[in-house]
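Student: Have a look at the structure that comes next, please.
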Amino acid sequence: MTHHHYTPPWWARNAHIQTIAPTFLRAPQPIYMRERWDTPDNDFIDLDWVNHDKASHQNQRLVVLFHGLEGSSQSPYARALMHACAHNGDSGVVVHWRSCSGELNRQPIFYHSGFSQEIDWILRRLAKEYPNSQLYATGVSLGGNALLKWLGEQGHSASAIVQKAAAICPPHDLKAGSIALASGFNQRVYMRHFLSTLKIKGLAKVAAYPELGISAEKIKTSRNFFDVDNFITAPLHGFKDAEDYWQRSSCKQFLPHIAVPTLIINALNDPFIPATCLARAHEVSHHVQLHYLEQGGHVGFIHGQTHPRLNWLPQHLLSFFNQNGE
């Protein structure tokens, strides 16, 4: 475990400012090419590409990004990373979780923090369709948790699919993160933001699939992740309840089994994720590097004093991908 250096702008020494500010900064806008894939269960996902035409080139680097809760290819961190990939000559693709690309998906299920089976078929298809490329998988927050879970489940077999992996601000412990977002400023600002879209999607599923027996009223009155995961996530995805979902899906338990060079970045002042729940060096495999930063907020990492930018995170990730060995 290492405490790497990151210095936020003087005006952004507060964790909430670091978390919220990227939304108001002018993130670079990559030129995306959208591709739609059918899923194995007769649904669809959308992928937004940069340098798609180069993906079939020999030894081309292909950076695959799994975004966070209710994120998309337009999330500031996604735009910053894909812009850096395009500028570098790398290929990059943002994989949208179901329902996150601007169109509601067809099947009753959505996506969740433990949706490693979705990651599995996507990465395998990318590896098959672009055999000359070298895949580097990245996940942010929820996407990071799901990616780490997949890596742990696959063990050594993952190395046949991806060269390296990185997770940015994964929750480690879903219950601890849910509790952190259940009260105070976190509940009033962040939780309300998530609920604004999660409720709409949940109610749309209830209307489309009344046979599921999910209560629309309980969805409408949901105030936190305990409610959302009890009334939406768990019944849609085969979990007994929120506690069962959190226990089975938290990535921390899978970290000892990762056998691919993997970087995990967390900020110790992340308002979503208590520092006390982060994995320690003895709790992960020797293939995992833990980079814990004193500052950064939740996927913030603003860089630059007078002209703040979002280039610190892409540079850090691509530097790790460039390193030889582990």
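Using the UniProt record's numbering, you'd call the opening residue of the sequence shown number 1 and step up by one each time.
The beta-carbon is built from N, C-alpha and C at its ideal position, and this holds for glycine as well.
Note that the structure is predicted; figures quoted are calculated from it, not measured.
Return helix, strand or coil for L104, following the three-state DSSP convention.
Tutor: Taking the first residue of the sequence shown as position 1, residue 104 is located at position 104. Looking at L104 - three-state DSSP - the assignment turns out to be coil, as it is neither helix nor strand.
Student: Check the Cβ-Cβ distances between E153 and every residue of chain D, and say whether any is below 7 angstroms.
Tutor: The chain labelled as chain D is not found in the depicted structure, where only one protein chain is given.
Student: Is it buried or exposed, D46, if we count other Cβ atoms within 10 angstroms and call 16 or more buried?
Tutor: As a working mapping, residue 46 is identified with position 46 in the sequence shown. That one is buried.
Student: Looking at C-alpha atoms only, which residue of L151, T19, C169 is the closest neighbour of V162?
Tutor: On the sequence shown, position 162 is the one that residue 162 refers to. Per the Cα distances, L151.
Student: So, is P210 buried or exposed, given that buried needs 16 or more other C-beta atoms within 10 angstroms?
Tutor: Taking the sequence shown and counting its residues from 1, the one referred to as residue 210 is at position 210. Exposed: under 16 other Cβ atoms inside 10 Å.
Student: Please state the DSSP three-state secondary structure of H156.
Tutor: Against the sequence shown, residue 156 aligns to sequence position 156. Of the three classes helix, strand and coil, the one that applies to H156 here is helix, per DSSP.
Student: With DSSP run on the structure shown, which of helix, strand or coil describes W49?
Tutor: Position 49 of the sequence shown, counting from 1, holds the residue named residue 49. W49: strand per DSSP, three-state reduction.
Student: How would you write the range of the beta strand (DSSP E) that M82 sits in, first residue to last?
Tutor: Numbered from 1 along the sequence shown, position 82 holds the residue referred to as residue 82. Careful: M82 lies outside any beta strand (DSSP E), inside the alpha helix (DSSP H) at 76 to 88.
Student: Closest by CA to P9, which one among H307, T262, L318, H316?
Tutor: Against the sequence shown, residue 9 aligns to sequence position 9. It is H307 whose Cα lies nearest to the Cα of P9.
Student: With 16 as the cutoff for other CB atoms within 10 Å, does Q58 come out buried or exposed?
Tutor: On the sequence shown, position 58 is the one that residue 58 refers to. Exposed, by the Cβ-count rule.
Student: To the nearest angstrom, report how far apart V284 and R106 are at their CA atoms.
Tutor: Counted from its first residue, the sequence shown places residue 284 at position 284. Counted from its first residue, the sequence shown places residue 106 at position 106. For V284 and R106, the distance between alpha carbons rounds to 37 angstroms.
Student: Taking only three categories from DSSP, how would you classify A259?
Tutor: In the sequence shown, the residue the question calls residue 259 occupies position 259. In this structure, A259 counts as coil in the three-state DSSP scheme.
Student: How would you write the range of the beta strand (DSSP E) that D38 sits in, first residue to last?
Tutor: Locating residue 38 in the sequence shown gives position 38, counting from the first residue. Element bounds for D38: 33 to 38.
Student: State the DSSP-derived secondary structure class of E186, mapped to helix, strand or coil.
Tutor: Taking the first residue of the sequence shown as 1, we reach residue 186 at position 186. As written in the sequence, residue 186 is Asn, which differs from the Glu given in the question. If DSSP states are grouped into helix, strand and coil, N186 belongs with the helices.
Student: What is the DSSP secondary structure of A166, reduced to helix, strand or coil?
Tutor: Residue mapping note: residue 166 aligns to position 166 of the sequence shown, counting from 1. It is a strand residue.
Student: Just mark G300 as buried or exposed, buried being the case when its beta carbon has 16 or more other beta carbons within 10 Å.
Tutor: For the purposes of this step, residue 300 is taken as the residue at position 300 of the sequence shown. Buried: at least 16 other Cβ atoms inside 10 Å.
Student: Taking S113 as the reference, which of S141, H5, H287, P131 has the closest Cα?
Tutor: Your numbering for residue 113 matches position 113 in the sequence shown. Closest by alpha carbon: S141.
Student: Beta-carbon within less than 7 angstroms of A146's beta-carbon, same chain only, minus the 5 sequence neighbours each way: which residues are those?
Tutor: Residue numbering aside, residue 146 sits at position 146 when the sequence shown is read from its first letter. Hits under 7 angstroms: F66, S113, G114, F115, S116, I119, G139.
Student: Which word fits L212, buried or exposed, when buried means at least 16 other C-beta atoms lie within 10 angstroms of its C-beta?
Tutor: Looking up residue 212 in the sequence shown gives position 212. Exposed.
Student: Kindly indicate the opening and closing residues of the alpha helix (DSSP H) around Y245.
Tutor: Taking the sequence shown and counting its residues from 1, the one referred to as residue 245 is at position 245. Taken as a continuous stretch (DSSP letters only), the alpha helix (DSSP H) holding Y245 covers 242 to 249.
Student: Any idea what DSSP makes of G296, helix, strand or coil?
Tutor: Residue mapping note: residue 296 aligns to position 296 of the sequence shown, counting from 1. Correct three-state label for G296: coil.
Student: I need the straight-line Cα distance from G297 to D270, nearest angstrom please.
Tutor: Numbered from its first residue, the sequence shown carries residue 297 at position 297. Numbered from its first residue, the sequence shown carries residue 270 at position 270. Spanning the two alpha carbons is a distance of roughly 4 angstroms.
Student: Hey, is the region 80 to 96 in contact with the region 178 to 185, meaning 3+ C-beta pairs nearer than 8 angstroms?
Tutor: Not touching, per the Cβ criterion.
Student: Let me check understanding here. Comparing Cα to Cα, which of P28, E129, R98, H303 lies closest to G202?
Tutor: Position 202 of the sequence shown holds residue 202. The shortest Cα separation from G202 among P28, E129, R98, H303 belongs to R98.
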